[in-house]
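> For the sequence shown, this note's numbering puts the final residue at 513, and the numbers step up evenly by one. Here a beta-carbon is modelled for each residue, glycine too, at the ideal position from N, C-alpha and C. All of these numbers come straight from a predicted model, not from anything done at the bench.
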Amino acid sequence: MPRIDSNRFESIRIDSNRLESTRIDSNRLESDRIDSNNHPDSNNHPEKLKKNASNRLESTRIDSNRLESTRIGSNRLE
Numbered sequence: 436m437p438r439i440d441s442n443r444f445e446s447i448r449i450d451s452n453r454l455e456s457t458r459i460d461s462n463r464l465e466s467d468r469i470d471s472n473n474h475p476d477s478n479n480h481p482e483k484l485k486k487n488a489s490n491r492l493e494s495t496r497i498d499s500n501r502l503e504s505t506r507i508g509s510n511r512l513e
């Protein structure tokens, strides 16, 4: 009957505890990310995201007005 190396099993247990500890740390990191996103100065704060999206939309409107202006300019050329 082969001998079971109990030290190896103990080592595996310790490694699994390290893995569990790493999971807990990554959960803390995720939690910190969520907290930082809710911070008013964060670029991912919901209010900032809305403002940025609205600015992008406004920018698109301005670009479409420039395009319209270019069309008018090209009509004058003809």
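Roughly how many whole angstroms lie between the Cα atoms of residue 442 and residue 448?
10 Å
> Which residues bound the alpha helix (DSSP H) around residue 440?
Unbroken run through residue 440: none, as it is neither H nor E.
> Quick check: the Cα distance between residue 490 and residue 457, rounded to an integer number of angstroms?
40 Å
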